[in-house]
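Residue numbers (the numbering used here), protein chains in the order written: chain H, 2 to 257; chain R, 2 to 257; chain D, 2 to 257.
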């Protein structure tokens, strides 16, 4: 559905992820747009069905832009996905993510276990921007977050969890090399944005995005000799991925 | 001629394009330099034959730097190429591009049809930073722009047009996958800069740059399985491209 | 040793290098972290054993952040590596690099011959950010720098020199294509950071990093058809590189 609609995905994201996230969105069939200037956020939000916020290389002016864009998105009833990169590693990150959440209007949060735990005030052992914890450890706090902020919460890791009002979906696709390419998580967040733009059920949009990226990852890994060729094959695979491939490989479980 | 001279190309460009544009310039045989600090622009402009300005991820401080660099370039009689990314998508972009043009000293503009139409005040239907229009639709307005600002105008798309005082050159090389790698247009702009540094005829420099990038694109596409391998093969092809390959494949038409 | 310890490497680096440096650190087995906000530097420095500073796309706010991070690193006795990109090309770059050095606490400097000569006040003929000089020409000034600032100095080029209090190590591995991928030098600096985090002897850490990146480069070049595939093969090779491969290929000389 992303390919047919080529939705515009407006990203205010980090410097490390910008290029790769744009290429992932293009490979998926979406149309990436990166814009952070306060002067143009109202207009850019107005033409984009979805906004992806990512605090990976945050600074005060960018945080201000994120709030301004979120405010415009909320007024215009646009969908918003938040990637709280490195939350728990500094008070500035934790506070920024919590203030964005408190402002309201975040449809989906995607983070690793440490980030989701830190967001929920649990004792996250964040080591920089990588998670040192299993995603399983964050499911209970993700449920709390989901309830508090009326949002879908994706906890990604060896198993990916999509936690929402009606229950929990666990996905077991993917490959360890996905953690060896920088910004893969950030790109997943942008992909959630692309699916949100074309699928009204937010939890289903998140599940579809996670399934697509992890299945592309495992197909690509089987053809690759390391993280360099993996990144290349990942983009090729994503561009050529079929519904049939996804259906055949999907390892998913739902519970209430 | 770029390979023999390895010209320094000074870029003030967007965050998404910086890495890829630098790699494209290196593959071409040029020497990329990215610098935007006001404190050093006078010196950086003085050592570079050409300046490439790109407003893709503009913000107020960067716009100020672009004006400062453009002013230095004009005083020092350096060549300047402008990429008005996303013009038409926001007033801030349109106004910035028009003010840079009005300041004078832009030798070449390169944009897609929507951007060129928006620059000329025509009814551009810009959808984010990608064009939803055929490049043919922008030729007439490009002629007007070229005349008004005494500049060469490149309208890129399925057919690429180089519009200049003496006429129009149409190039029909390239491959659709060029739109599936982010910053390919931005890299084309930087390549125009590299050719401007070694070729006194500005229109010929633009035609050479467009021919080089599109022919590298079609050769690379034939070896690739998707946008990931295409990007890799594009850089390899560009680094190995010969005059003979260009001569054999070039599909070009001139008219007055 | 990097793979076993997966050290966190905190980078305040340039926009061009961020993505590639992060991917190189991941391929090496380290854990990259990019953060530049003043608000969080004290905490980020406190959790990272090493800080890599790179002035490639410097601007006043980033310089301020670099000083703040360096100050925190010095107080906390963290290791710091400095990449003085483009020093000599502008007074702003030269002054920034010299002020960072004068502040104290830089363990290792890595630059090309022009940069090292410019840092030492010698007549550097910097052409943008690429060196137009042989690394041999900078060994004497590197010794002076090493003595003045009590730091290890790496001069990279066709031959790489690691200059330190006890002598000089010359390494003759690598491949010319390493200069055709942007940010390869910046990534080398981040790699020095990763080795500093796991090896107490600073000169040995620098030698190990340079040996690793240049040997990965020559193995990758042998499999590649140009700079695009070279970059991909470089990351694959780095991720799979063994101690045996390094031992077999290492061309090293030490003298006092």
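Heads up, the beta-carbon is just placed ideally off N, CA and C, and yes, glycines get one too. The model shown is predicted, which means the values in this text are computed figures rather than measured ones.
Check whether chain H comes within 7 Å of residue i, counting only Cβ atoms and requiring the distance to be less than that.
{"i": "residue 205 of chain D", "result": "no"}
{"i": "residue 244 of chain D", "result": "no"}
{"i": "residue 72 of chain D", "result": "no"}
{"i": "residue 136 of chain R", "result": "no"}
{"i": "residue 202 of chain D", "result": "no"}
Rounding to the nearest angstrom, what Cα-Cα distance links residue i and residue j in this structure?
{"i": "residue 117 of chain H", "j": "residue 88 of chain H", "result": "8 Å"}
{"i": "residue 51 of chain H", "j": "residue 198 of chain D", "result": "41 Å"}
{"i": "residue 72 of chain H", "j": "residue 195 of chain H", "result": "20 Å"}
{"i": "residue 13 of chain D", "j": "residue 157 of chain R", "result": "36 Å"}
{"i": "residue 43 of chain R", "j": "residue 150 of chain H", "result": "50 Å"}
{"i": "residue 138 of chain R", "j": "residue 163 of chain R", "result": "14 Å"}
{"i": "residue 230 of chain R", "j": "residue 56 of chain R", "result": "28 Å"}
{"i": "residue 161 of chain H", "j": "residue 227 of chain D", "result": "38 Å"}
{"i": "residue 209 of chain D", "j": "residue 193 of chain D", "result": "8 Å"}
{"i": "residue 191 of chain R", "j": "residue 49 of chain R", "result": "13 Å"}
{"i": "residue 187 of chain H", "j": "residue 25 of chain H", "result": "10 Å"}
{"i": "residue 172 of chain R", "j": "residue 252 of chain R", "result": "6 Å"}
{"i": "residue 246 of chain D", "j": "residue 119 of chain H", "result": "42 Å"}
{"i": "residue 125 of chain H", "j": "residue 115 of chain H", "result": "Note that residue 125 of chain H scores 48 on pLDDT, short of 50, meaning its location in the model is unreliable; the coordinates nonetheless yield the value given after this. For residue 125 of chain H and residue 115 of chain H, the distance between alpha carbons rounds to 5 Å."}
{"i": "residue 216 of chain H", "j": "residue 102 of chain D", "result": "48 Å"}
{"i": "residue 4 of chain H", "j": "residue 212 of chain R", "result": "30 Å"}
{"i": "residue 181 of chain D", "j": "residue 90 of chain R", "result": "35 Å"}
{"i": "residue 201 of chain H", "j": "residue 207 of chain H", "result": "11 Å"}
{"i": "residue 16 of chain R", "j": "residue 15 of chain H", "result": "9 Å"}
{"i": "residue 60 of chain D", "j": "residue 54 of chain D", "result": "13 Å"}
{"i": "residue 232 of chain R", "j": "residue 36 of chain D", "result": "28 Å"}
{"i": "residue 21 of chain R", "j": "residue 143 of chain R", "result": "27 Å"}
{"i": "residue 154 of chain R", "j": "residue 146 of chain R", "result": "7 Å"}
{"i": "residue 68 of chain H", "j": "residue 205 of chain R", "result": "46 Å"}
Would you call residue i buried or exposed, if buried means 16 or more other Cβ atoms sit within 10 Å of its Cβ?
{"i": "residue 111 of chain R", "result": "buried"}
{"i": "residue 203 of chain D", "result": "buried"}
{"i": "residue 218 of chain H", "result": "buried"}
{"i": "residue 11 of chain R", "result": "buried"}
{"i": "residue 94 of chain D", "result": "buried"}
{"i": "residue 243 of chain R", "result": "exposed"}
{"i": "residue 122 of chain R", "result": "exposed"}
{"i": "residue 105 of chain R", "result": "exposed"}
{"i": "residue 166 of chain R", "result": "exposed"}
{"i": "residue 92 of chain R", "result": "exposed"}
{"i": "residue 85 of chain D", "result": "buried"}
{"i": "residue 134 of chain H", "result": "buried"}
{"i": "residue 248 of chain H", "result": "exposed"}
{"i": "residue 177 of chain R", "result": "exposed"}
{"i": "residue 159 of chain R", "result": "exposed"}
{"i": "residue 223 of chain D", "result": "exposed"}
Step through the CB atoms of chain D and report whether any lies within less than 7 Å of the CB of residue i.
{"i": "residue 59 of chain H", "result": "yes"}
{"i": "residue 20 of chain R", "result": "yes"}
{"i": "residue 27 of chain R", "result": "yes"}
{"i": "residue 240 of chain R", "result": "yes"}
{"i": "residue 228 of chain H", "result": "yes"}
{"i": "residue 86 of chain H", "result": "no"}
{"i": "residue 197 of chain R", "result": "no"}
{"i": "residue 236 of chain R", "result": "yes"}
For a quick check, are the C-beta atoms of residue i and residue j less than 7 Å apart?
{"i": "residue 97 of chain R", "j": "residue 46 of chain R", "result": "no"}
{"i": "residue 239 of chain R", "j": "residue 70 of chain R", "result": "no"}
{"i": "residue 175 of chain R", "j": "residue 256 of chain R", "result": "no"}
{"i": "residue 7 of chain D", "j": "residue 184 of chain D", "result": "no"}
{"i": "residue 39 of chain D", "j": "residue 66 of chain D", "result": "yes"}
{"i": "residue 108 of chain D", "j": "residue 81 of chain D", "result": "yes"}
{"i": "residue 220 of chain D", "j": "residue 189 of chain D", "result": "no"}
Any beta-carbon of chain R closer than 7 Å to the one on residue i?
{"i": "residue 112 of chain D", "result": "no"}
{"i": "residue 216 of chain H", "result": "no"}
{"i": "residue 183 of chain D", "result": "yes"}
{"i": "residue 233 of chain H", "result": "yes"}
{"i": "residue 12 of chain H", "result": "no"}
{"i": "residue 16 of chain H", "result": "yes"}
{"i": "residue 24 of chain H", "result": "yes"}
Closer than 9 Å, Cβ to Cβ, to anything on chain R: give me those residues from the region 31 to 44 of chain H, in chain order.
-> 32, 33, 34, 35, 36, 37, 38, 39, 40, 41, 42, 43 and 44
If contact means a Cβ-Cβ distance below 8 Å, which residues of the region 166 to 178 of chain D contact chain R?
-> none
According to a CB-to-CB cut-off of less than 8 Å, which residues of the region 90 to 115 of chain D neighbour chain R?
-> 90, 91, 92, 93 and 94
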